[in-house]
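Before any comments, here is the structure.
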Amino acid sequence: MDSLTSESISEPNTIFLKNYTVPAYRVDTVILDFDLRETKTIVRSELKIHRNPESHASHHNLELNGQNLILLSIELILATGSQWLTENDYVIDDETLTIANVPNEFVIKITTEINPKENLALEGLYLSSNMFCTQCEAQGFRRITYFPDRPDVMSLFTVTIHANQDQFPILLSNGNKIDSGVESDNRHWVTWQDPFPKPCYLFALVAGDLYCKQDKFMTASGQTVDLYLYVEHENNHKCDHAIVCLKQAMKWDEDTFGREYDLDNFMIVAVNDFNMGAMENKGLNIFNSSCVLASPETSTDADYYRIQGIIGHEYFHNWSGNRVTCRDWFQLSLKEGFTVFRDQQFSSDMNSAAVQRIDDVNILRNAQFSQDAGPMAHPVRPQEYIEISNFYTVTVYNKGAEVVRMIHTLLGESNFRKGSDIYFERHDGQAVTVEDFVAAMESGSDSTNGSKINFDLKQFMNWYHQAGTPNIEFKEHYDAKKNSYSLTLQQSCAATPGQKIKNEFHIPIRVALLNLQGKTISLDLDGEDNCTNVDECILELKAKEQVFTFNNVQSKPMVSLLRGFSAPVKILTSRSRLELAFLFANDSDDFNRWNAGQELALDIILSLVKQHKAGAKLQLDDDYIAAFKKTLCNDYLDNALKAQALSLPSESYIADQYQAGDYADTDAIHHVRIFVRQQLAKHLESDLLRVYQLSTLIGDYQFNAKDMGLRSIRNCCLAYLMELNNNNYYQLCADQFKQSNNMTDVMAALELLTNYENAYQADCLQTFYEQWQNDALVIDKWFAIQAMSRLPGTLDKVKTLLNHPAFTIKNPNRVRALIGRFCLGNIAHFHNEDGSGYQFLADQVLLLDKLNPQIAARLIQGFSQWRNYNENRQELMKNNLNRIISVDNLSKDVFEIVSKTLA
Ligand code: 0A1
Ligand code: ZN
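So the sequence shown is residues 565 to 1467, counted in this note's numbering.
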């Protein structure tokens, strides 16, 4: 049997990085013409093509990608004349169109027909709330027309859009509007031209009847940029925040990275049906409406905060992604990791740096570390994929950002900036690789650039090649005679699928030594000139084991290790509760102070879980209550930070602490976590109530760090008080629900009321629904709150809500709100020992796979840690995974995740 026939026909192909070859043909210009109609849109494309002189391909076949297209005609225009192709002149299958023996230079005109209305996968051109819009990353353009759909083919685009004038008065595409007119049948047309060559994944088109909020931005070099935010008319009052954030982002990128905007206009469009958060199409960003629209009455602080980050993220892609793009999709983190790092720094500069860092680390610990320890573990730069949409992951994005952050830490601010300038200048207009990025960063620290150091990032590349979270262990030794303190650091990394052997990582570990008062000791690191007379230094751990010795240490210090979470690693060495309590109270690094509190809480919870399973009576450690009280009553602590410090580790993070052989008991974890919260509330009731009352804000809602801090500590206190199951607090919560002028406080109250049996719940849920039934984004919150409820019977409630008139499986936000929140966020109910949660998830995945495979594939993450649960649950999850995989015609998206999860 040869290798072709041995492959099962129904199993999709794996694409490998090692098989990359340069494109055989390049497309210089693309002229597109869209005749927009809901079920029958005609796309005419004219491509000017030349053979790539760098290609070593022996054939002269032009291979174009295309999916779900009806081919109407192909015309080849050669120097010798033009020719209509017939079926004998090309080969067509589900994914490609191949024309043999094409010349070195020619023009091809292709006409296709597509059906935007039936497009529920939301890739390519589709209809969302009476608006045409597109999503082409990663491989959606091939659902619009036949094209070499790969990011290293960059072309100049000219786009003409025709549509009905009344229904679609606004017609948009990338770049500048160069012409427009009217035509018969009450139709009109507009032509757009983008002066920058781009890969087709950055193409965008929008047509609709939209309200436009306009503003202007003056760049550092004095160019005026017109800003446009397009939204549905009913959302005209939800535009201000996004515009403010956009101007903040434009200014920040000039100040921090020296990057100016490069077109005369910048457009953002809000759409209701969108698979992800937003998309950075050149000059025409398209946003999930949940990531751009905001008003105090309808949006929480968390929404405002997230919008600021995402507006920044998409805007920053203009340089890190668009001007310099990816050679192939394996390089995805080149643009995403770097851009997430940029948006994190932006949010950090606009708000509280410590809170931002804690949020970032929480995402890593709650989602990325478990991905790295599970069946879908992959390196920041994957080496293979079946469906690239499955690799828009926390590993590529968030761990990718950590990898860039480590380069920043190792090089220092100024060399990092030099490196990024070199990267953008050296590769402007190119499609490049992770190696190019790292080489530019090395050049930034090159001594010929005036730097003191000459950085070698060769070993550092392991962060891009190897999956898995490195483990760090440490040993301390204080020599009172020599006044020296030595720290022995060891690293290791467990095997991940397809990667048994791991090489050592190059790990920057930021440390300080504290004296008994918690003050930093001036450091004198043996053999390191860079680390004398400083409060903090970076230890570079490169070997399996290294010893670092500090001289002139007068008494045994307390080490503050991995400050600011300087590397995405786990520290396995546990510290005594006494040490953790000391660090929680005293560490001068905000992140580490918070982290010590989390470790302390985790240690306590894990031992209580053990006791609970042994049937022992539970008791909460008095010292912990005292430490908690000290933080709660500390008037000098920033409120947002305080609220973070008073939050216990999440159930999923606690569950992740159990490795195979020592299964996570989600019921016990849930029970113990609530027990701890109840005990804290019982002992500190009066303090909690006092802080709640003192943190009350009067006046209009404002999005600023001070007010957000007050709202977060106030709602944190209310949440603890609610654990007392006391009608006074239910009443307090219901009053907050009724009297608040902002969604942050309304939602906090409603969420709490939904978690306990009380007399107010049903009324408040009903009032909320009636008040907001015409606002889709608020109704998403209404569904999510109910899906997250702790109360018994939540799954039945969720199933009933599937039949609610406001539920639709066609809208990704709604699916995420109801099904996603239950399966991925309500750990205790989802993992019900009877398997009902698992059966529910599998049913929904199978239903969704026929409509929107990307969303279906995301949901299966609910099963990804199946091996960490007890045998009964493992069996039940496995059966459901098998039930999915045995269905014919699964999408590549779902097939890849399920097959790898089972492997
Ligand atoms: N590049 C976008 C993410 C994105 C990817 C795929 C999409 O379509 C399904 C949409 C957006 C970003 O990083 O923001
Ligand atoms: Zn991005």
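The beta-carbon is built from N, C-alpha and C at its ideal position, and this holds for glycine as well. Model, not experiment: these values are computed from the prediction.
Taking all protein chains in view, the Cβ of residue 879 is crowded by 16 or more other Cβ atoms within 10 Å, so the residue is classified as buried. In this structure, residue 953 has its CB closer than 7 Å to one or more heavy atoms of the ligand 0A1. Looking at the DSSP output, residue 690 sits in a beta bridge with 697.
Looking at 1040, 1164 and 1055, the one whose alpha-carbon comes closest to that of residue 1048 is 1040. In the structure shown, residue 999 adopts helical secondary structure according to DSSP, grouped into three states. Under the DSSP definition of a beta bridge, residue 1374 lacks any partner.
In this structure, residue 636 lies near residue 677, with their beta-carbon atoms less than 8 Å apart. Around the beta-carbon of residue 648, fewer than 16 other beta-carbon atoms lie within 10 Å, marking it exposed. The region 852-863 and the region 1334-1348 touch, with three or more beta-carbon pairs separated by less than 8 Å. Between residue 983 and residue 1008 a beta carbon distance of about 2 Å is seen, short of the 8 Å cut, so the two are scored as contacting. Per DSSP, reduced to three states, the secondary structure at residue 1161 is helical. The DSSP assignment places 1141-1150 as complete runs of the alpha helix (DSSP H) inside the region 1106-1155, in order along the chain (cut-off: 4 residues). The beta carbon of residue 1011 sits closer than 6 Å to the beta carbons of 1018 from its chain, once the five residues preceding and following it are set aside; these are given in chain order. The residue among 596, 842 and 749 with its C-alpha nearest the C-alpha of residue 725 is 596. One Cα belongs to residue 1218, the other to residue 944, and the distance between them is close to 25 Å.
The criterion of a C-beta distance shorter than 8 Å is satisfied by residue 715 and residue 893. Counting the other Cβ atoms within 10 Å of the Cβ of residue 837 gives 16 or more, which makes it buried.
In the DSSP assignment, residue 1040 falls within the beta strand (DSSP E) that extends over 1035-1043.
Within the model, the alpha-carbon separation for residue 609 versus residue 691 is close to 21 Å.
Rounded to the nearest whole angstrom, the C-alpha separation of residue 1417 and residue 1458 is 7 Å. Setting aside the 5 residues that flank it on each side, residue 773 is surrounded in the same chain by 733, each with a C-beta closer than 6 Å to its C-beta; the list follows chain order. Contact annotation: residue 1316 and residue 1286 have beta-carbon atoms nearer than 8 Å. Between residue 897 and residue 938, the C-beta spacing is not below 8 Å.
In the three-state DSSP reduction, residue 1297 falls in the helix class (H, G or I). Proximity of the region 728-743 to the region 768-788 meets the contact definition, three or more beta-carbon pairs being nearer than 8 Å. Note: residue 673 is bridge-paired with 610 and 639 in the DSSP secondary-structure output.
Residue 1357 sits in coil when the DSSP states are folded into three classes, being neither helix nor strand. If you draw a 10 Å sphere on the C-beta of residue 1369, you find fewer than 16 other C-beta atoms in it, and that means exposed. In the same chain as residue 1392, and ignoring 5 residues on each side of it, the C-beta atoms closer than 6 Å to its own belong to 1230 and 1234, in chain order.
With fewer than 16 other Cβ atoms from the protein chains shown falling within 10 Å of its own Cβ, residue 1142 counts as exposed. When DSSP assignments are scanned along the region 705-783, the uninterrupted stretches of beta strand (DSSP E) that are 3 or more residues long and fall wholly within it turn out to be 718-728, 734-737, 740-747, 751-757, 769-772 and 775-782. Residue state for residue 648 is assigned as strand, using DSSP reduced to three classes. Short note on residue 1028: C-beta not closer than 7 Å to any heavy atom of the ligand 0A1. Residue 966 has its Cβ no nearer than 7 Å to any heavy atom of the ligand ZN. Residue 1286 is not bridged by DSSP to any residue.
Residue side-chain check: residue 699 places its Cβ nearer than 7 Å to a non-hydrogen atom of the ligand 0A1.
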